[in-house]
Structures are given as structure tokens and as C-alpha cells.
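Right, one structure below, let's go through it.
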Amino acid sequence: MKGNKERKEQLKWLIKRILLLIPVACLLFWVYTVCQTTSMNEKTKIGVTYMTMNNEFYKSIHSEISRIADERGALVYVRDPELDEERQCQQIDDFCAQKVNVIVINPVKGDSQLILRALEKARKQGIKIIAVDTQLKNFKPDASIVSDNYQAGVLIAKELMKRSSSARILLLEHKGTISADTRIQGFKDTIEGHESYQIVSELETKGQTEIAMPTVRNFLQLEFEIDTLVALNDRSAIGALAAIKEKGISYPIAIYGIDGSPDMKSLLHSTDDVVGTVAQSPLQMGDRVMEVIQDIVDGKSYSEEVTIPVQIMTKENIDRFDVNGWQ
1 MKGNKERKEQ LKWLIKRILL LIPVACLLFW VYTVCQTTSM NEKTKIGVTY MTMNNEFYKS
61 IHSEISRIAD ERGALVYVRD PELDEERQCQ QIDDFCAQKV NVIVINPVKG DSQLILRALE
121 KARKQGIKII AVDTQLKNFK PDASIVSDNY QAGVLIAKEL MKRSSSARIL LLEHKGTISA
181 DTRIQGFKDT IEGHESYQIV SELETKGQTE IAMPTVRNFL QLEFEIDTLV ALNDRSAIGA
241 LAAIKEKGIS YPIAIYGIDG SPDMKSLLHS TDDVVGTVAQ SPLQMGDRVM EVIQDIVDGK
301 SYSEEVTIPV QIMTKENIDR FDVNGWQ
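Under the UniProt record's numbering, the residues of the sequence shown are numbered 1 to 327, in order.
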């Protein structure tokens with residue numbers, strides 16, 4: 001009798017232990033499953049090169065890429081070619097030497113033969129190529145993640161035509177950068193056939209404030225009559241605004257940009273210096289880059305072409321947006 005009683009007690013104790021261990025086992029299994037599906041192998045290496053880091057837009061894209069990579073255990077190398085295509089080629093070669101799994105590139109020039117040859121070399125090494133913010137010409141990357149750049153130009157043209165029955169327009173460009181060229185083309189196509197909207201001149205600014213300011217200053221000294229300025233991005237628009245103010249021009253010039261940067265949104269919110277900007281989302285762009293990389297690491301199918309919608313911001317709707325940061 002005593003032996004039976006002891007065995008019963010031992011059985012009860014064993015059952016209690018098993019019941020206690022079941023939740024722990026379930027938790028461990030869940031953690032394992034999550035790690036398998038959401039984490040990258042610690043050996044996953046990502047090389048990132050933007051055309052320049054002298055732009056908060058690219059810093060914002062990278063902050064999102066870096067944040068998610070840290071969460072998932074991937075290693076990120078970031079490089080700044082400072083708008084130099086030869087330097088960007090060297091960076092791609094360095095990524096190859098470091099045996100990265102993925103190269104994320106925002107090309108200095110989308111049609112640069114030097115850059116394209118360097119990317120072909122990386123591809124032969126088995127490295128995946130993701131183009132971000134702007135495309136490559138005559139080279140198909142494994143994935144392309146961009147804003148709807150053509151629509152950005154269309155939206156500015158429509159806003160201009162809604163506000164004014166005519167315009168004498170100065171365009172600020174960044175030739176050879178496909179995203180910038182596409183924006184300007186969207187604008188031109190929309191005003192085409194409307195003779196009251198005239199493009200007076202087109203100036204190269206490389207999308208940089210410090211280039212746009214003296215370039216527009218020199219243009220204004222020629223005393224061309226303009227009443228509208230359309231810039232490929234907010235940085236060049238702000239450089240143009242500085243030149244206009246420095247020149248002391250009293251007649252109104254309607255200024256439009258593209259990006260939806262905090263600086264441009266602040267101007268829209270608190271001044272009459274600018275008319276509008278088309279907002280991109282660098283945070284969403286960085287997030288989509290990491291989604292694609294995760295799918296590549298997991299061996300899953302992924303979207304090869306991702307186009308992120310854009311939206312117009314004006315004084316009339318700026319209160320709907322956070323003016324202190326990017327969207």
C-alpha cells in the first residue's frame with residue numbers, strides 16, 4: 001500500500017512538472033519560429049552607397065535601413081561617393097571584396113558606364129543589386145524601389161495650372177539622374193500644348209543648395225523675366241529662394257520643389273516664400289528596401305519594381321502633415 005501511495009505521489013509530481021514545462025516549451029518554440037522568419041543571419045552583409053550623404057533625404061532612408069538591419073542582425077556598410085561616379089565605382093569594388101550579399105545603390109549617374117561595369121562585376125560574384133530612389137539605365141537590378149517620380153512632375157504642373165493661367169518658368173535640373181529627369185519630364189509633358197506656360201531656361205544644379213544658389217543668382221543677373229521656378233528637389237528650391245532674397249527681387253516668383261522635406265514644409269507652414277512641394281517618403285522607401293532584402297535572405301519571391309505614391313503639399317493642406325520630420 002505504501003509503495004502504491006509513493007508511486008501515485010511521484011506520478012502527480014511528474015504531471016505537475018510536465019504541465020509547468022509545456023508553456024516554457026511553447027514559448028521557446030515561438031521564439032525559434034520568430035527568429036527563423038524575421039531575423040537575418042548575422043553573416044548577412046549589406047553594402048549601401050548613395051550619390052551623396054549631403055542630403056537629409058538619403059540620411060532618412062539610411063536611418064530606416066540601419067534601424068531594421070540592427071534589429072535583424074545584419075551588418076551594413078554605408079559609403080558616400082560625394083557625387084563622384086569614380087568614387088562610387090571604387091565603393092562597389094570594395095563591397096565585392098568584403099563579400100556583401102546585397103548592394104543597395106543610389107547611383108551618382110544612372111547611365112554611367114563605369115558604375116554599370118562595376119555592378120556587372122558584383123552581379124557575377126552573386127551579389128544582389130537593389131536600386132533605391134532612382135533607376136539605372138541599361139541595367140536591370142534585382143529590385144528597384146523608387147517614388148512615382150513622373151507623377152511628382154505632373155502634380156506640380158497641375159498645381160501651377162490651377163493657380164495661374166500663364167507662367168514664365170525656370171527649371172532646376174540634375175541631368176543624368178533618372179529620377180530627376182523623370183520628374184522634369186512629367187512636368188513638361190503636362191504643360192505641353194498650353195502655350196501660355198513657357199519654359200524660359202533650364203539650369204543644372206545637381207540637386208544641391210550650394211550649387212543652386214550661385215547658379216540662380218547668376219541667372220537673375222541676366223534679367224530674364226520669370227514668375228515661376230520649378231526645382232527637381234527641395235534642396236535646389238531652397239538654394240534658389242536664397243538667391244532670390246539676396247537679389248532683393250520684389251515681384252513674386254512661385255517656387256515649387258519635390259521631396260516634402262522638413263525645411264520646405266516649415267516654409268510652407270510659416271511663410272509665403274514657396275508655393276508647394278511634392279512629398280516623397282524616405283522612411284517608407286527604406287522600409288521597402290529591407291522587406292526585399294529579407295525576402296532575398298529567406299529565399300522567397302519579392303517585388304522587383306516598387307513604386308511609392310507621392311502627394312502634393314501646399315499652404316492649403318500643410319496642416320495635415322508633420323512639419324518637423326519626414327513622412
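Where a beta carbon is used, it is the ideal one built from N, C-alpha and C, also for glycine. Note that this is a predicted model, so its numbers are computed, not measured.
In the structure shown, the three-state DSSP call for T52 is coil.
Note: I312 is bridge-paired with V278 in the DSSP secondary-structure output. Note that the C-beta distance between I115 and A131 is not below 8 Å. Annotation for A122: I92, F95, C96, I103, I129 place their beta carbon closer than 8 Å to its own, counting only its chain and skipping 5 residues before and after. DSSP places D263 in the helix class (H, G or I) of the three-state scheme.
Secondary structure at Y302: coil, using DSSP grouped into helix, strand and coil.
Shown here, I61 sits in a helix according to DSSP, grouped into three states. Exclusion of the five residues before and after T134 leaves N106, P107, G110, V146, T177, I178, S179 as the residues of its chain whose Cβ lies within less than 7 Å of its Cβ. The continuous beta strand (DSSP E) containing A143 extends over residues 143-147. With 16 or more neighbouring CB atoms inside 10 Å of its own CB, S261 falls in the buried class. Of all alpha-carbon atoms in V100, S60, T49, L75, the one lying nearest the alpha-carbon of D84 is that of T49. In the three-state reduction of the DSSP assignment, Q294 falls in the helix class, which pools H, G and I.
Note: T307 is bridge-paired with V146 in the DSSP secondary-structure output.
Boundaries cannot be given for E192, as no alpha helix (DSSP H) includes it and DSSP labels it neither H nor E. If only complete runs of 3 or more residues are kept, the region 49-136 shows the beta strand (DSSP E) at 75-79, 102-105, 128-132, in order along the chain. Distance from D259 to N233 at the Cβ level is roughly 5 Å; contact confirmed, criterion being Cβ atoms closer than 8 Å. Out of S236, V278, G193, Q90, the CA that lies nearest to the CA of E202 is found in S236.
Between the alpha carbons of V154 and H62 lies a gap of roughly 28 Å.
Of all alpha-carbon atoms in V278, R320, Q125, T209, the one lying nearest the alpha-carbon of P309 is that of V278. Residue environment analysis places S60 among the buried positions, since at least 16 neighbouring C-beta atoms fall within 10 angstroms of its C-beta. In the three-state reduction of the DSSP assignment, G186 falls in the helix class. Between L229 and L170, the C-beta gap is smaller than 8 Å, which places the two residues in contact. Taking C-beta atoms under 8 Å as the contact rule, K45 and Q98 qualify, at a distance of about 6 Å. S201: member of the beta strand (DSSP E) spanning 197-204, first to last residue.
Here the alpha carbon of Y77 sits roughly 31 Å from the alpha carbon of K265.
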